[in-house]
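S.K.:
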Amino acid sequence: MNHPDREEWMGFLYEEVGTGDQLRMAAHLQSCPTCQRQVAAWRGSMAGLSQWKIAEPTRWRARQPWLAWAAAAAVFLAAGITIGATSRTSPDLATLRAALEPSIKASIEKDLQKQWQSNVEQTVAATREKLLADLHDRIDKTASQAEVTKLQMSQLMRAMAENRVRDHEEIFAAFRELEAQRLAELENLRTDLETVAVSTEEGFKKAQKQLVQLASYTGMP
Amino acid sequence: MGLIDLSSLFAVSDEQMMGRVRAHDDAEAFGKLVSKWQGTVQRLCVRMLGDVHRGEDLAQEAFVRLYAKRRQYEPSARFSTYLWRVALNLCYDELRRMKRRPETSLDVETADGEEGFSFLDAHAADDLPPNDAMESREQAEIVRVALQKLPEHYRSVVVLRHFENLKFREIAEVLDIPEGTVKSRMAEGLDLLHQILTRAFRAETIQKPPGPTPKRREILVL
Numbered sequence: 145m146n147h148p149d150r151e152e153w154m155g156f157l158y159e160e161v162g163t164g165d166q167l168r169m170a171a172h173l174q175s176c177p178t179c180q181r182q183v184a185a186w187r188g189s190m191a192g193l194s195q196w197k198i199a200e201p202t203r204w205r206a207r208q209p210w211l212a213w214a215a216a217a218a219v220f221l222a223a224g225i226t227i228g229a230t231s232r233t234s235p236d237l238a239t240l241r242a243a244l245e246p247s248i249k250a251s252i253e254k255d256l257q258k259q260w261q262s263n264v265e266q267t268v269a270a271t272r273e274k275l276l277a278d279l280h281d282r283i284d285k286t287a288s289q290a291e292v293t294k295l296q297m298s299q300l301m302r303a304m305a306e307n308r309v310r311d312h313e314e315i316f317a318a319f320r321e322l323e324a325q326r327l328a329e330l331e332n333l334r335t336d337l338e339t340v341a342v343s344t345e346e347g348f349k350k351a352q353k354q355l356v357q358l359a360s361y362t363g364m365p
Numbered sequence: 007m008g009l010i011d012l013s014s015l016f017a018v019s020d021e022q023m024m025g026r027v028r029a030h031d032d033a034e035a036f037g038k039l040v041s042k043w044q045g046t047v048q049r050l051c052v053r054m055l056g057d058v059h060r061g062e063d064l065a066q067e068a069f070v071r072l073y074a075k076r077r078q079y080e081p082s083a084r085f086s087t088y089l090w091r092v093a094l095n096l097c098y099d100e101l102r103r104m105k106r107r108p109e110t111s112l113d114v115e116t117a118d119g120e121e122g123f124s125f126l127d128a129h130a131a132d133d134l135p136p137n138d139a140m141e142s143r144e145q146a147e148i149v150r151v152a153l154q155k156l157p158e159h160y161r162s163v164v165v166l167r168h169f170e171n172l173k174f175r176e177i178a179e180v181l182d183i184p185e186g187t188v189k190s191r192m193a194e195g196l197d198l199l200h201q202i203l204t205r206a207f208r209a210e211t212i213q214k215p216p217g218p219t220p221k222r223r224e225i226l227v228l
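In order, the protein sequences belong to chains A and B. Sequence positions in the first sequence follow our numbering and run 145 to 365. Sequence positions in the second sequence follow our numbering and run 7 to 228.
1. Would you mind giving the Cβ-Cβ distance between H200 of chain B and L193 of chain A, rounded to the nearest angstrom? I have them listed as a contact below 8 Å.
2. Taking the alpha helix (DSSP H) that F85 of chain B falls in, what are its first and last residues?
3. Please state whether DSSP places Q213 of chain B in a helix, a strand or coil.
4. Does the beta carbon of R106 of chain B sit closer than 8 Å to a beta carbon anywhere in chain A?
5. Going along chain B, which residues have a C-beta under 8 Å from G162 of chain A?
6. Straight-line CA distance for T339 of chain A to M304 of chain A?
7. Measuring only the C-alpha atoms, how far is R171 of chain B from W43 of chain B?
8. Using the beta-carbon count (16 or more within 10 Å), is A68 of chain B buried or exposed?
9. What are the boundary residues of the alpha helix (DSSP H) that includes P177 of chain A?
10. Quick test of your reading: R106 of chain B and V180 of chain B, contact by CB under 8 Å. State the CB separation rounded to the nearest angstrom.
11. At the level of alpha carbons, what is the spacing between L126 of chain B and L157 of chain A?
12. Considering just the uninterrupted stretch of the alpha helix (DSSP H) at I177 of chain B, what are its terminal residues?
13. Give every residue of the same chain whose Cβ lies closer than 7 Å to the Cβ of K5 of chain B, excluding the five residues on either side of it in the sequence, and list them in chain order.
14. Looking at C-alpha atoms only, which residue of A:E346, A:L322, A:H312, A:Q182 is the closest neighbour of H147 of chain A?
15. Can you tell me whether G162 of chain A is helix, strand or coil according to DSSP?
16. With respect to the alpha helix (DSSP H) encompassing Q22 of chain B, which residues constitute its N-terminal and C-terminal limits?
17. Quick check on this structure: which residue in A:T178, A:T163, A:G164 has the alpha carbon closest to the alpha carbon of D149 of chain A?
18. Please report the distance separating the alpha-carbon of Q78 of chain B from that of Q154 of chain B.
19. Tell me whether D149 of chain A sits in a helix, a strand or coil according to DSSP, three-state version.
20. For L193 of chain A, which residues in chain B fall below 8 Å Cβ to Cβ?
Right under this line is the structure:
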């Protein structure tokens, strides 16, 4: 006996074969115990499956709110804005929020990451700018300090120069004083010498005279 | 030409709406697509994961993903195929995550089944008398657990064909495999499910004497 294969039987059981095939297979089934057992087992499974009825699934929101749903989904998925924004809209979005939670989370995480990254970048940029500004400041300060130093140096130099002049003047004065003293002393000495010389001459003359006198007294020849 | 034909002439197709979303970020078109497909995608996710809450969360994520990937949508492709792929890929990712955290996995069959009831539809059994309602829930729980035991490549085919009523050809397109492979996976999936369910219902029957109810017997006589 030529049995239909199981693929054909599936078409038969779910009524996906043409009328001719349906009749041919039904006739075969009537007369074939082997196929009867097999088809009965399949029909049993099908009947079992049909036992599992589930409720009319929860309608999320009828009609109009779906527009908000879709619009919100668009906003969420496209822009990834935060949950806070939706809480101000329709209460129907509570369901939506639950549904969108994973994508919202992912989106927020991405946003936070992006934000964090941009924060870091901003901080780095700000720090760099600050450091640069500080550096410039310092350079300026150093430069101005250098100016000050230069000024002070020149003042010092000037002061030193002035001091030097003053010192020289003092030294000259001292010298001049010393010179004057020396001259005065020389004068005194000359005077003294002249005095001495005069005195000496007078003394010599006196001594000569005394010697003459003495010689005359002694009768020396 | 009747009125219905006329109205369908002016109806905007899913592909056109997705085209608008892709090209102009059209929120209204996207809203319409979500409104039309959310239930379907939620069911797919719930069946694939075996968990209502996770399934619903994942379905919402699927639409978020769909919107995020709107530019990748090829206008020539069928919108539904694209959406199924997005949703299924999310399911596979989530199942992998669940496997990495076995403590939170729902594959584990609960000993008393009580916890499992929370995953089920309370309304599905509302129109039945209390005992039958309880039984219906128990059976649904067994099926839920059995389906989670199917390898993913069987489960996706079974869910898309049996629950979402996609044609084998469409499933082949979504999964990008030959139609023959889809059919053979379906047959193997049903075989495997038969074994699992037979074992599960037998164990259930043994645990709960005296005797199965007619409903349960109907399933046992497979």
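Quick reminder that beta carbons are idealized off the backbone N, C-alpha and C, glycines included. Source: prediction; values computed, not measured.
M.R.: Reading from the atomic positions:
1. H200 of chain B to L193 of chain A, Cβ: 11 Å. No contact.
2. 85–106
3. helix
4. no
5. What G162 of chain A touches in chain B: nothing, since even the nearest Cβ is about 14 Å away.
6. 50 Å
7. According to the sequence shown, residue 171 of chain B is Asn rather than Arg. Computed Cα separation, rounded: 14 Å.
8. buried
9. 177–195
10. Not really, about 26 Å apart at Cβ, beyond 8 Å.
11. Residue placement at L126 of chain B is flagged as unreliable, the pLDDT there being 42, under the threshold of 50; a coordinate-derived value is accordingly withheld.
12. Element bounds for I177 of chain B: 174–181.
13. Beyond the ends of chain B as shown, which are 7 and 228, falls residue 5 of chain B; an answer cannot be given.
14. With distances taken between Cα atoms, H147 of chain A lies closest to A:Q182.
15. coil
16. Where Q22 of chain B is concerned, the enclosing alpha helix (DSSP H) starts and stops at 20–30.
17. A:T178
18. Each residue's CA atom was taken as its position, placing Q78 of chain B and Q154 of chain B some 31 Å apart.
19. coil
20. V149, L153, V164, H168, F169, L199
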